[in-house]
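In this note's numbering, the protein residues as written are 32 to 163.
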């Protein structure tokens, strides 16, 4: 997935007319990190060669990329950053990932509630119904 980040980053920087030195902080998102890039934001800093830049990893299932954008927007809106970077990356097809996650081996009340609807929309719908 690192090459996906690099290509998207370089094109975005060129489109925006921004240089690396202008970025104040970055947010990195990936849902299935164990299969891709790991649990930290270090792959973002390393792949994009952004040393000494505060980077944060976000995860929010299918909304992980949106969570990174939201955090970057809040940083700019609050004045903490002038320019913030949000990057979301996921590439499951090259790691042998065959589809939806298998929760059958997991235990606990949450997993019993979502097990019948294994798609992300199904899981979110059940959680929303339970909440409201």
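All C-beta atoms in this analysis are idealised placements derived from N, C-alpha and C, irrespective of residue type, glycine included.
Within this structure, are the beta carbons of residue 103 and residue 112 separated by less than 9 Å? yes
Taking residue 96 as the reference, give the member of 48, 45, 61 and 44 with the closest Cα. 61
Taking the CB atoms as reference points, tell me whether residue 117 and residue 55 lie closer together than 9 Å. No.
Rounded to whole angstroms, what's the CA-CA distance from residue 47 to residue 38? Just pull it up for me. 14 Å
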